[in-house]
DNA sequence: GGATTGACGTGTC
DNA sequence: AGACACGCCAATC
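Residue numbers (our numbering): 4 to 111.
Structure, rendered in structure tokens:
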């Protein structure tokens, strides 16, 4: 059926490969939403209720900052998961963000 | 159905 | 470099 915008977001986020990250804006753009990056984040709000669990820790803002970490059950969990996947996080910000960036528009 | 809301993005001061 | 302002657009109240 007509999946809501954030239903599409959920699916796309689940497609993010391990050890890679992407930005809300990139997701929105790949869904044809253009500048509605906020919708992506808004969708992720429901991500906690979705199943299977959505790797929301792989989604950050354009600066590579872990903006949504406070929305996790445990704020430190987001950084932990990223580091486990080989992503270096310092001061709530992804290092070498460009290297780990996964662009849905390109990869898909 | 208008107003409010956002896990954003980019530009300015 | 840090803080502030405006724009975007769909979902929810």
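Backbone N, C-alpha and C fix where the C-beta goes; we use that ideal spot for every residue, glycine too.
The bridge partners DSSP lists for residue 93 are 96. Its Cα nearest to that of residue 103, the residue 85 stands out among 95, 85, 94 and 111. Taking C-beta separations shorter than 6 Å and ignoring five residues to either side along the sequence, the partners of residue 98 in its chain run 91, following chain order. Separation of residue 100 and residue 39 (C-alpha to C-alpha, rounded to the nearest whole angstrom) is 22 Å. Annotation: the continuous alpha helix (DSSP H) that includes residue 32 extends over 27-33.
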